[in-house]
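374 is the number that UniProt numbering gives to position 374 of the sequence shown; each next residue is one higher, with no gaps.
Ideal placement from N, C-alpha and C gives every residue a C-beta, glycine not left out.
Below: the structure, in structure tokens.
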Amino acid sequence: MVIKKPRIVIIGAGMAGLTAANKLYTSTASKDLFELYIVEGGTRIGGRINTSEFGGDRIEMGATWIHGIGNSPIHKIAQETSSLHSEQPWECMDGNNNDESIITVAEGGFHLQSSIVEPVSKLFKSLMEYSQGKLTKETAKGEVLSYYNMAAKASSLSFGSNSNSNSKKNLSIGYFLKQGLEAYFESAKEGDEVNGSSDWSKKWLEEAIFAMYENTERTYTSAGDLECLDYESESEYRMFPGEEITIARGYLSIIDSIASVLPPGLVQLGRKVRKIEWQPQKLCAEHDYDYERNNFFRPVKIHFCDGSVMYADHVIVTVSLGVLKASISHDDDDDDVDDVKGMLFCPKLPNSKVEAISRLGFGVVNKLFMQLSASKETKTTKHEISSKGSFPYLQMVFHSPQNETRDKKIPWWMRKTSTLFPIYNDSSVLLSWFAGEEALALESLKDEEIMRGVASTVSNFVPPHSKSISKVLTSKWGTDPLFLGSYSYVAVGSSGEDLDTMAEPLPMKMKDDNNSFSYDPLQILFAGEATHRTHYSTTHGAYFSGLREANRLLQHYHCAGILNN
Numbered sequence: 001m002v003i004k005k006p007r008i009v010i011i012g013a014g015m016a017g018l019t020a021a022n023k024l025y026t027s028t029a030s031k032d033l034f035e036l037y038i039v040e041g042g043t044r045i046g047g048r049i050n051t052s053e054f055g056g057d058r059i060e061m062g063a064t065w066i067h068g069i070g071n072s073p074i075h076k077i078a079q080e081t082s083s084l085h086s087e088q089p090w091e092c093m094d095g096n097n098n099d100e101s102i103i104t105v106a107e108g109g110f111h112l113q114s115s116i117v118e119p120v121s122k123l124f125k126s127l128m129e130y131s132q133g134k135l136t137k138e139t140a141k142g143e144v145l146s147y148y149n150m151a152a153k154a155s156s157l158s159f160g161s162n163s164n165s166n167s168k169k170n171l172s173i174g175y176f177l178k179q180g181l182e183a184y185f186e187s188a189k190e191g192d193e194v195n196g197s198s199d200w201s202k203k204w205l206e207e208a209i210f211a212m213y214e215n216t217e218r219t220y221t222s223a224g225d226l227e228c229l230d231y232e233s234e235s236e237y238r239m240f241p242g243e244e245i246t247i248a249r250g251y252l253s254i255i256d257s258i259a260s261v262l263p264p265g266l267v268q269l270g271r272k273v274r275k276i277e278w279q280p281q282k283l284c285a286e287h288d289y290d291y292e293r294n295n296f297f298r299p300v301k302i303h304f305c306d307g308s309v310m311y312a313d314h315v316i317v318t319v320s321l322g323v324l325k326a327s328i329s330h331d332d333d334d335d336d337v338d339d340v341k342g343m344l345f346c347p348k349l350p351n352s353k354v355e356a357i358s359r360l361g362f363g364v365v366n367k368l369f370m371q372l373s374a375s376k377e378t379k380t381t382k383h384e385i386s387s388k389g390s391f392p393y394l395q396m397v398f399h400s401p402q403n404e405t406r407d408k409k410i411p412w413w414m415r416k417t418s419t420l421f422p423i424y425n426d427s428s429v430l431l432s433w434f435a436g437e438e439a440l441a442l443e444s445l446k447d448e449e450i451m452r453g454v455a456s457t458v459s460n461f462v463p464p465h466s467k468s469i470s471k472v473l474t475s476k477w478g479t480d481p482l483f484l485g486s487y488s489y490v491a492v493g494s495s496g497e498d499l500d501t502m503a504e505p506l507p508m509k510m511k512d513d514n515n516s517f518s519y520d521p522l523q524i525l526f527a528g529e530a531t532h533r534t535h536y537s538t539t540h541g542a543y544f545s546g547l548r549e550a551n552r553l554l555q556h557y558h559c560a561g562i563l564n565n
């Protein structure tokens, strides 16, 4: 007699999917209990983790940082696998930047002194820490107290006299930051002129410096417009303590370690899912069931783009929020269309799930790597590209797009880029980050257009220079059909509750009159960074979500010795 084993199919071989598979496969209580498969639509494992090489250096096309080494499971794995050391140079191996190496330059080549940059930098940092609940009246001491008072005033202006939770709904980080800048201007000393530049007034400069930090925040959060980033949810987001570091052997070394315990054949590449059929309630007649060839009934039927099907008792969906957003936009008759983005659910997802998917934000962040070419050495100043080929850590302060004094040669898609810097000291590979519309525009440009746009920008900020951009490499997360974006954020109108809803399995819990389930439970489970309430947008959030769903299934089958780590 053939005994039916529960079959678990995990869709997606990224951090969440591989972590879930690792937990299910290695749990001593579940050995030989399940049939386990991972189906991956792409040709590689890793998902939004994709380590590569460029100009002889190791780079990350996607996830880059361990966000705090204290208690981070990613840092723990990196330590255990000796992934934090390498003979080959790697991206940001000497940290994000060294304050002494940073130069801040305003459009037109005007080098800014710290006396004008630092107050705005401290203001922006204080406003963000206030919104996150880190800066309070009790923690504000000395100089910080004045910035706390500005943040408190911005809060008062944003909420009026009513500061209860209801008044915070639909308030954006962008609006709060604007109020904070206004409070700063009201408290600042008068001064309209800036020595050394006729194109900039002091207020223009301070506004532009503030905008530079806003643009950096856009890449941190993936919110293309900070007016779309929810204020109230900022205080729920959690960071691990300690420094932020990159991984010497590449982020893929973490993925490879997690996947190394899985037997050959468990991960199936090139298996893109087209449709998932599930049963929201038990079917009432035997002829209604869809059986496998061995006559085992499994409630979920997975259709692949190549026409094949697979049956499962449980499916863990780990696709990106971008793919889920595309999935809920389809009509019923899209079933016959071959190039549908996302995947179809039949029947459709419950309204609560659809609404959560719709409300949450999912942005595009791309990285642009640039190779500096070797050319004849020229004598340079300390602010210019040195004869060794190194480039400064450049913070760029742009005129507003409406300002008539702006350099028309600088393309619009460069104007919200905050930084341009070598990926480590003296590297010939430069890096810039892009978010929102600019990040999407970058994906459609030819390499020659990008190089011309970068050259026009660089020549405005650090002329003359002895090196030129010879080749570029761009990530393209926005148009990749397997991702359709980079990572999630809590948008205005959404909340942490929507992230919790994202994590709820299907069918929803519902018992009949006999107090038993009226359906086959846990047919579709959801994992991925966009399903974690406090660690969304991160690799460790994806990791935690994979553990959560694996443990949910282990607990369902009463497996003993389950640990949440």
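Going by DSSP in three states, residue i sits in which element: helix, strand or coil?
i, result
"Q395", "strand"
"S537", "coil"
"C228", "helix"
"V261", "coil"
"T26", "helix"
"L269", "coil"
"G322", "helix"
"I49", "coil"
"G17", "helix"
"I423", "coil"
"F362", "strand"
"E377", "Note on E377: pLDDT 48, under 50, position unreliable in the model; no value is reported."
"F54", "strand"
"I469", "strand"
"I255", "helix"
"L506", "strand"
"I3", "coil"
"F159", "helix"
"N551", "helix"
"E236", "coil"
"C284", "With a pLDDT of 46 at C284, under the threshold of 50, the predicted position of this residue should be treated as unreliable, though the coordinate-derived value follows. Looking at C284 - three-state DSSP - the assignment turns out to be coil, as it is neither helix nor strand."
Tell me which residue opens and which closes the alpha helix (DSSP H) that residue i is part of.
i, result
"W204", "K202 to T221"
"residue 570", "This structure cannot settle anything about residue 570, because the visible part of the chain is limited to 1 through 565."
"D447", "D447 to F461"
"F176", "I173 to S187"
Within its chain, find whatever has a CB closer than 6 Å to the CB of residue i; leave out the 5 residues flanking it on each side and keep chain order.
i, result
"V490", "D230 and S233"
"L157", "Q179"
"T419", "Q395"
"A285", "Below a pLDDT of 50, predicted positions are generally treated as unreliable, and A285, at 43, falls in that range; the measurement from the model is reported next regardless. Hits under 6 Å: none found."
"D313", "P6, R7 and R298"
"L440", "V364 and G478"
"L181", "F210"
"I316", "I10, A20, L525, A527 and E549"
"V105", "H111 and F461"
"A16", "T318, A527, G528, A542, S545 and G546"
Within the continuous beta strand (DSSP E) that includes residue i, where are the two ends?
i, result
"N366", "V365 to L372"
"V490", "Run containing V490: none; DSSP gives neither H nor E here."
"G37", "Sequence check: residue 37 is Tyr here, not Gly. Taken as a continuous stretch (DSSP letters only), the beta strand (DSSP E) holding Y37 covers E35 to V39."
"A435", "V429 to A435"
"I66", "That residue, I66, is in no beta strand (DSSP E); it is neither H nor E in DSSP."
"K353", "Where K353 is concerned, there is no enclosing beta strand (DSSP E), although the alpha helix (DSSP H) it sits in stretches over N351 to R359."
"D57", "D57 to E60"
"F297", "Taken as a continuous stretch (DSSP letters only), F297 belongs to no beta strand (DSSP E), as it is neither H nor E."
Leaving aside the five residues before and after residue i along the sequence, list all residues of the same chain whose C-beta is less than 8 Å from its C-beta, in chain order.
i, result
"S358", "K325 and I328"
"N565", "Reliability fails at N565, whose pLDDT of 49 lies under 50, so the model's placement of it is uncertain and the value that follows must be treated cautiously. The residues are P73 and L547."
"I410", "E107, F398, G453, S456, T457 and N460"
"T219", "V365, S418, W433, F434 and A435"
Have a look at the DSSP bridge pairing and note the partners of residue i.
i, result
"I302", "I276 and M310"
"K408", "Its beta-bridge partners do not exist; DSSP assigns none."
"I316", "I10 and L525"
"residue 579", "Since the first and last residues shown for the chain are 1 and 565, residue 579 lies out of range."
"C346", "E277"
"I245", "I66"
What does a CB cutoff of less than 7 Å around residue i pick up in its chain, not counting 5 residues either side in sequence?
i, result
"P463", "G109"
"S161", "Reliability of the predicted coordinates at S161 is poor, the pLDDT of 48 falling under 50, and no value is obtained from them."
"V261", "N22, Y25 and T26"
"A223", "L229, G361, G363 and Y489"
"M310", "V9 and I302"
Q. Taking only runs of the alpha helix (DSSP H) that begin and end inside the segment 73-156, which ones reach a length of at least 4 residues, in chain order?
A. 73-80 and 114-131
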